[in-house]
Amino acid sequence: MLLLAACVGLGSVYAATTPLFDASDELWHYPMAKHIADTGNLPVLDPADPGPWRQEAGQPPLYYFLMAQATRLIDTSDMAQVRWLNPHADVGILTTDGNRNLVVHTAAENWPWHGTVLAVRIIRFLSVLLAAGTVWCTYEIALAVLARDRWLAAGAAGFVAFTPMFLFISGSVNNDNLAMLLASLIVLLLVRMAGTPAAGPARQPAAHALLGLLLGLGALTKLSLLALFPIAAAVIGVLEIADWRADPQRSAPNILPHHALRLLRQGLLVFGIAALVCGWWFARNLQLYGTPTGLNQFVAVLGVRAHPAGLQQLWSEREGFMRTFWGLFGGVNVPFPGWVYSTLNMFALVAGSGAIIFAGRSARRLKQPPRNWLPAAIVIVVPLAVFGSLLRWSTFTWSSQGRLIFTAIQSLAVLFAAGIDAWFPARWRTVRNACLSVPVVALLALSAAAPAWVIAPAYAAPAPADLSQMKQTIGTGFGTPAALRLRGYTLGASQVQPGTEAEITLYWEVLAPMQRDWSVFVHLIDEAQTIVAQRDTFPGLGRQPTRLLQPGQLLADRYLLRIPQTACAPARLQVQVGLYDFATGDRLLADTGADHALLAEVELLATAGAVPNALAINLENQIQLTGYEFGTRTLQAGAMLPLTLHWRALRQPAANYTVFVQVRGAGDQVWGQHDGWPVNGSAPTAAWQPGQDYADPHTLQLAANTPPGTYAVQAGMYRDGDERLNVISASGEWGDNFVTLCRIRVTAAD
């Protein structure tokens, strides 16, 4: 009871602390519940018009239906005003200068709650109760698997109850909360079946009917629960085979058909009920989308990777996977300090190693009756099945997030406790209990601290502007008449290098109310008039749209502009600042008549190296791009663009790779391209030796109809069949299969 109370209490704190719609995909999950509450119908997936629910319209509807019933009497017609999207939010990007909020938060979220705010808060607290049910199930599963050891069961339940990301999700509108509970109930019923004799209550038709109901409800909540269907079938089959083998009349000719018929009846009961519960939804998908799951349309809205990810690519994403398992809040952009993840990963490594020992010990009992090994096998197989399903899904989509295996968190928690236990002999129980308590108490401390320590500060109102810190005065007004004045700025450093950040703080004064949401842009412009780096946000780093600003208000916004590693240097970068309407692109004119204000210059220093624009870009540990140089960066449409790439062999390449260089514009349209073996074909990569350097010239002809503007230049290598080499970062993460060099400017042909 204490664990359940702690879970509900902490989950409620997360639900109250996290601003509305700033919890993972809540801003898409809630519109699903609202639509059902308002219309009684399910939305239809439409990639051409995704709606406020986006891909969540393709999710099974049970969670949304239940939450719609809980809130259907509330007038939520104000959703569009409350769900005020921040178009510049850094979703999934870890920044240090703010702009993390997915939506703009106003006083409408404050107590007393009403309208959409009230509906979301109610659903959040109901979701916390669902999460508490998952914790209870985990305790019961651990008792069934771990020899009724209450300390281990409490440790497993505590692991679930105090994992910060679990609490964060539980305090949000998210169908994972019902999916986790139903998955846990299914696993609990399966382990009880596995540990019960043939005549026991968990093996009777009522239990099979309940299993079918839970499986059907699970499939009607989240597709990942389909992974439990074959596990349920396997458990039923193993138990019936064991009953047949234990039957004293096994040799009689009618016994095998008897057990086969009983197995068939059990299967028909379980999966027949499941089909009756969820089959209509799959039939609807088949009618609407042409497939039972509707994943074809789901993916069309969600988006896919440019190229399917291999195992090396997925392995390189392990750090992000673990962070999103332990706790990465907001829009996957509000992290713990790095040492927190390192500590928790160490606990996981110790427990995971012990879980392998536990699995080995369980495997040695395979020749014994199933009740001696099948419960353990279930909690081992469930995470593997869920993880395998996610692995396949992540191959095609950007979904390698640890929270997406939370449908198996009850089994992972049991393995966590069993893994700690496996390191200690039975006589060391006191030491074992103490060691199990350490990570659970650490998780409790983290979970209790995170709302005030990590989450709330990410959305706190900006500190009042201190004009005494302003180094340069400018006084440029924007608007006619001026509604916003740029009082001045402070430049962090006058010299930067590629791969570093330029810091600038802008000081604004509000002169008059504004009726439109103007976004601030800060650009670093080079001599070719291309944007080298930029930052676009609402004022207050996303938290104070201009419609909310009051006359006399002062703001000090600190911007960090990331200079690309591949930026052309040396160069002198002009700082340009202005405002524009994100919806239309219209710029707000300054009182100078220009659509921007010019501030200081920043000197971009070249990176030291033997070649121009020195780099160290790793292509799959075979070849390194060490630099590049352009003959010109401003040219007319139809002109020739000379470019030299500098390569180094890290080891002998595995094949003869073709170099590609492309000029790309909006929509990734190619306006110029050159492909060929290095050094005009005279230096095939298969003949390269480690440490050798190659200067590789290319000449691209731009299309005669290339519109005036700036264009990205991309380069890379591919083998036969157009299989490109991927970039590997210094930390081992796999990235794009091309390198974006600096931009060029194209002018109209004479």
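Residue numbers for the sequence shown follow numbering that gives the first Met the number 0, so the first one is 0 and each next one is one higher.
Beta carbons: idealized from backbone N, C-alpha and C, even for Gly.
The structure presented is a predicted model; accordingly, all values stated were derived computationally and were not measured.
Rounded to whole angstroms, H28 and E619 show a C-alpha spacing of 38 Å.
Pairing A407 with A198, the inter-Cα distance amounts to about 29 Å. Looking only at G97, D77 and W83, the smallest Cα-Cα distance to A459 is reached by G97. Q58 sits buried, since 16 or more C-beta atoms from the chains shown fall within 10 Å of its C-beta.
Excluding the 5 residues flanking it on each side, P291 has same chain C-beta neighbours closer than 6 Å at F281, N284 and L285, in chain order. Within the segment 33–93, the alpha helix (DSSP H) runs of at least 4 residues that lie entirely inside it are, in chain order, 61–70 and 78–81. By the 16-neighbour rule on beta-carbons within 10 angstroms, E526 is exposed. In the three-state scheme derived from DSSP, where H, G and I count as helix and E and B as strand, A384 is classed as helix. Taking the Cα of R317 as reference, the smallest distance to any Cα among T746, I743 and G731 is reached at G731. L604 sits in coil when the DSSP states are folded into three classes, being neither helix nor strand. In summary, I355 is exposed, with fewer than 16 beta-carbon neighbours lying within 10 Å of its beta-carbon over all protein chains present. Taking V453 as reference, the option from A118, M164 and T137 with the minimal CA-CA separation is M164. Here the alpha carbons of P707 and P696 stand approximately 25 Å from one another. With respect to Y488, L598 sits close: the two C-beta atoms are nearer than 9 Å. Put simply, the segment 418–433 does not touch the segment 315–334. Fewer than three CB pairs are less than 8 Å apart.
At least 9 Å separates the beta-carbon of V660 from that of L649. For I503, no alpha helix (DSSP H) run applies; the uninterrupted beta strand (DSSP E) run containing it begins and ends at E500 to V509, by DSSP. The secondary-structure analysis by DSSP pairs F328 across a beta bridge with V333. With 16 or more other Cβ atoms from the protein chains shown falling within 10 Å of its own Cβ, L19 counts as buried.
By the beta-carbon neighbour count (other beta carbons within 10 angstroms, threshold 16), S223 is buried. About 6 Å separates the CB atoms of L373 and V237; that is less than 8 Å, so the two are in contact. Within 10 angstroms of the beta-carbon of E722 lie fewer than 16 other beta-carbons, which makes it exposed. In terms of Cβ geometry, T342 and A441 form a close pair [threshold 9 Å]. Spatial neighbours of A36 in its own chain (CB-CB distance under 7 Å, excluding positions within 5 residues in sequence) are listed in chain order as A67, T70 and R71. Relative to Q528, the option among D535, L540 and V574 whose CA is nearest is V574. Residue burial is scored here from C-beta neighbours: T631 has fewer than 16 other C-beta atoms within 10 angstroms and is therefore classed as exposed. With respect to the 9 Å criterion, A457 and V333 are classified as neighbours on the basis of their beta carbons. Just so you know, the alpha carbons of A582 and S518 end up roughly 10 Å apart.
Beta bridge pairing from DSSP links Y717 with T657 and R723. For Q635 and I524, the gap between their C-alpha atoms comes out near 20 Å. Within the model, the alpha-carbon separation for V159 versus T709 is close to 51 Å. Note on T565: 16 or more other CB atoms within 10 angstroms of its CB, so buried under the neighbour-count rule.
In this structure, E602 lies near Q494, with their beta-carbon atoms less than 9 Å apart. In this structure, R546 lies away from D585, with their beta-carbon atoms at least 9 Å apart. In the DSSP assignment, R571 falls within the beta strand (DSSP E) that extends over A570 to D580. Put simply, the backbone Cα of Y63 is about 15 Å away from that of G170.
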